[in-house]
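First comes the structure, then the notes that go with it.
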């Protein structure tokens, strides 16, 4: 991996320069919550000063830039008995600034499913290839547990990754595009002092983790505690509202729907993100429901995240951002559920 | 100073312009491209079930399409929806594909209204198949309950087309009523031309029924089974295949030589939508055909 | 067409079409004498004033919106503003602009609906807009474009086209984003030419020749053309503050109506586009004034059918004023959208110019912030008596002219429609 | 009309309004750019709000409003007898809607409050389904025009419409809204049927439940959460009672 540094003035010039000819997205503040704290969201930047480099977390993950909540897979012109199908994969280049290590790791997990396994997904692939990612390190928040699931550091999957070392950013370069960007906008060679600053910053980050989730035997527990009352306990609280899956950086379950327009001359096939918590997720024609109860659906969500994905790819699907825990009004968070599961096992 | 990032156009990749071949799962391709197929014949089997013979229009695509017994296709009516349907005809027939559709929901209901000459979109084939070649040299038990005869039928064709490869081949087929026994017009052919043994049973006989009455497991009394040299394919509702497989297990048939076809809701057929996902298993990719041992290890399979 | 003999006339229109709500017209003329002529309001009441009781002030504007599906923005605004006036809350400038823009969007969409969908079929001799889609596609295109802009503006400034949820006590829930405003401004610029086409289409129409001098009531402009709050004025010279609205409406019950009627200096008065036009002509946007001139309208008109043309003039006023408001908003650095408030026992009134005329909401609020008593006076309710008197005069005039029954019936229905009555709203 | 070889019938449609604000009927006439296509698809034979023509003989009746008077009941029964398919349209028809707020008081009190001594015919507020069976309930206050157009397509295709079973939260999160509960605003999104595209939370207002409950809504959990967030019983009761969307459950408080 190549490393460089860039001064904060040059970083500003870099973002402004990129904004000239490309769509640049970054964390902006959108609302204030009832405590007066800012709520952030990845949005298009019109001005460098909108970019909040000191943001905490975005309420929803940047997953939607790669897997939109609704996406047209193909369109059709219909005739009386015939049709013409159109499929487009055109994505215009864009830049996302400020993605966290966990969110980039989330993309790498999605890459496993969407690019590297059977039937690569061209829609995702086109988006992934046309998105420049400029990541950004941060000190963990109170509830971040990315470290517990090995998602706190990232070595691949970005073009540039920045660590704030005072007056400069320490920049890891992950791609040819990334290299060209840093080069164009005044990247400098890494000095001894920069290295020291970087190391101490990394140590500082490492020392600040407050939340830990013990996932050591969770894959096994998912089977052993399959009938556990833990699930009912949390399932009773679950409102099957799907919020967790929507804000999650890795949840990718979806549904496909087709519809025609009122003139019955045009049709579209659309994909929309779904959640395995929703009541009809596993419902088949004739209304038979394989997962009729909330706790069963909740359990299968964890089963996929912490067991199924581990079996398939040797890593959990969860990246420890706790967005689901924040979004869940009922207070169901991976930390709470897994702690409960571990404790139940010990009893 | 600016920097315009060049667009990476995946459409220009050579694999994007090739005729879609769903058997090449690892190639990035136009996964949503459907083969346009004309309905050659639409045969009403029962008030609820209709058999469609469909032909892929484009000769190149038609030549590309090859399937194995147990696989399924996604059948689409543009603007209405898409459904997973198992292939019911002979897999060596490269002219047309046979699918049998039960009217249960929106898409199947609309497809039932299609007449010969109309068109549907086809993607596929998808999924695993019955390991027909591994069964070479052995006895084969084909057991179906109700609509389970539909995926099983392609295995029956296969066995016929490769008859010398197999020893005794027995079909056991049960349905609720005699009227619900599908493809009854073919039983004579299967017995006499295909040289298969076939037994049928119903739960609720009508006045014309002379055969046995009861559950499908009753038919086992009439069939000698050699547990050391028999493969079984069991298709039907979960409660039925569980009974049958447990019964065969008790007779000493290893679970890895029994194959079942699972049914789940599917939206993509490509291991992406997760609607058919149980843990790490995707019914559309790892199934629909599983050996019984895998099913036993699958939380929530039955 | 004049017929010499005095034929008996018997007209019964049950549930007159192309108006909001249920109303009947009954006319009987024998031997040239008007025996019966009545405008009956048969809408089933919902008892909104009672529904408000015990609700929190937070819920009141949402319930108020449900009084009427067409002018829900006016009702919500009247409600929220009445509460604010009671509590003594001054809303931020940003919220004021957003509310007026929402108000204008509603006026434009309501007027366009009325002119093209409800009135145009009469002028073109068909029963509804449906056949016009084939015969007059250009007219439909005009209507579609104007309404589309109005709907989009409603969506942006009120949250949706009916039953807004963005007007909260103290201001609005949010400010529109710059990108949204820019795209709406573009949309507005593209829509304007269609409005001019509409002017061409309506320029040469013949409205029935009928005049009856009456009293016109509206908000009083001070050189402007007010829609939200201000003094209440009448063309007979009455001027009162909003708080004295009861003295302006003097509601009373009549037998054949579930709606209340109203009066002021004489037996009846009119509210709506024509009243605003007559009372505040000078305050119209210069472009709207120009349009009025082109239509040959001066500042005082006594032909009730000209409500339609006054609406057309107002479409120009609201569109061009919206343009200016949007320009201001785009450049406004202001982010404050709502003022904090404290609950206390109070009473509050607000007058709003709904598309069909002046609308009042009044609430008495207790110290827990619950509504103790509510009163809503609806524009169409204020117009009912005037419609009744107009009808009598119209039928008398037409009988004297020896007009045929079918002609009288159509003219009577067109007269009612000219007021663009919102009947279910008037009953509420 | 033919759709991929399938003959689609052109149903005759009528629209009727009972006790309500006619906002739903207005939505039907809204979205003008699609009206032409809509009228190609169905034949409107009776729609008083926009048409003087009354041709009768309809297949599908859209019924808006609550049923409050005896004459309403008779008229609705006549519509039911004629229509092959009856669609209760909007919150008033499906749930009783805001009209139900009046049911907190005896009718004579309501009459006296508004009309004094004057005699007025009215009665209990009823949903359409309280009087005659409704084949389909198209929810919302007001209904969504897009959903209405979708419904028409389903009906023309002869398909049983499947409304979303899941709650508003799904659509709200898909629009990447900040949760209004985090902003201190009471919201019924987690128990209300989706399909509105979360228009109220999108505008930073809470959900008021106008579309009725989502399937197997978890009332217990939401009430618990609302209490934890510090919302008073009265506040919760007002919210859940507003559209009468959650009557009949044993958990939610009801406005007295």
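Chains as they are written, first to last, in my numbering: chain B, 1 to 347; chain R, 1 to 302; chain U, 1 to 428; chain C, 1 to 256. Ideal placement from N, C-alpha and C gives every residue a C-beta, glycine not left out.
Between the C-alpha atoms of residue i and residue j, what's the straight-line distance to the nearest angstrom?
i	j	result
residue 413 of chain U	residue 204 of chain U	21 Å
residue 249 of chain R	residue 191 of chain R	27 Å
residue 289 of chain B	residue 283 of chain B	4 Å
residue 343 of chain U	residue 334 of chain B	41 Å
residue 184 of chain B	residue 45 of chain B	20 Å
residue 133 of chain C	residue 57 of chain C	19 Å
residue 281 of chain B	residue 185 of chain U	42 Å
residue 196 of chain C	residue 56 of chain U	25 Å
residue 155 of chain C	residue 161 of chain C	7 Å
residue 34 of chain U	residue 384 of chain U	19 Å
Quick one: residues in its chain with C-beta nearer than 6 Å to the C-beta of residue i, no 5 flanking neighbours on either side, listed in chain order?
i	result
residue 161 of chain B	135, 172
residue 213 of chain U	302
residue 11 of chain C	42, 59, 60
residue 220 of chain C	251
residue 90 of chain R	157
residue 255 of chain B	272, 274
residue 377 of chain U	249, 360
residue 123 of chain C	68, 69
residue 137 of chain B	163
residue 76 of chain U	61, 64, 65, 164, 167
Looking only at its chain, what residues have a beta carbon closer than 8 Å to the beta carbon of residue i, apart from the 5 residues adjacent to it on each side?
i	result
residue 236 of chain C	186, 223, 226, 227, 252, 253
residue 274 of chain U	216, 301, 304, 306, 307, 310
residue 389 of chain U	212, 214, 267, 268
residue 4 of chain U	The predicted model places residue 4 of chain U with a pLDDT of 49, which falls under 50 and marks its position as unreliable; any figure quoted below should be read in that light. Around residue 4 of chain U: 402.
residue 367 of chain U	343, 344, 345
residue 218 of chain R	201, 212
residue 45 of chain C	12, 13, 14, 53, 54, 55, 56, 57, 58
What residues match up with residue i in a beta bridge as DSSP calls it?
i	result
residue 348 of chain B	Since the first residue shown for chain B is 1 and the last is 347, residue 348 of chain B is missing from the structure and cannot be characterised.
residue 36 of chain R	R:121
residue 258 of chain R	R:232
residue 172 of chain R	R:143, R:199
residue 360 of chain U	U:351, U:377
residue 12 of chain U	U:26
residue 167 of chain U	U:172
residue 145 of chain C	According to DSSP, which records beta bridges pairwise, residue 145 of chain C is partnered with nothing at all.
With a CB to CB cut of under 7 Å and the five nearest residues on each side skipped, what residues in its chain are close to residue i?
i	result
residue 4 of chain B	171, 173, 182, 187, 188, 189, 190
residue 58 of chain B	27, 40, 41, 42
residue 297 of chain B	240, 276, 277, 281, 291
residue 211 of chain C	139, 140, 192, 193, 195, 196
Less than 9 Å between CB atoms is the rule here; does residue i satisfy it with respect to chain A?
i	result
residue 162 of chain C	The structure shown has no chain A; the protein chains it does contain are B, R, U and C.
Suppose only complete runs of 3+ residues qualify. What are the beta strand (DSSP E) ranges in the region 54-80 of chain R, listed by chain order?
72-77
Contact between the region 238-245 of chain C and the region 259-269 of chain B: three or more CB pairs below 8 Å?
no
Taking only runs of the beta strand (DSSP E) that begin and end inside the region 105-136 of chain B, which ones reach a length of at least 3 residues, in chain order?
131-136
Determine contact between the region 85-98 of chain R and the region 37-53 of chain R, defined as no fewer than three beta-carbon pairs at a distance below 8 Å.
yes
Would you check if the region 39-53 of chain U and the region 311-323 of chain U touch, i.e. whether three or more CB-CB distances between them fall below 8 Å?
no
My parser needs the alpha helix (DSSP H) runs of 4 or more residues fully inside the region 93-150 of chain U; what are they?
93-112, 120-123, 129-135
Length-filtered (4 minimum) alpha helix (DSSP H) runs lying within the region 18-98 of chain U:
48-52, 60-65, 72-87
For the structure I just gave you, are there three or more beta carbon pairs, one from the region 54-66 of chain R and one from the region 27-45 of chain R, closer than 8 Å?
yes
At least three beta-carbon pairs within less than 8 Å, the region 60-71 of chain B to the region 232-249 of chain B:
yes
Contact the region 283-300 of chain R vs the region 258-270 of chain R: 3+ CB pairs below 8 Å:
yes
Just checking, does the region 162-172 of chain U make contact with the region 87-96 of chain U on the three C-beta pairs under 8 Å criterion?
yes
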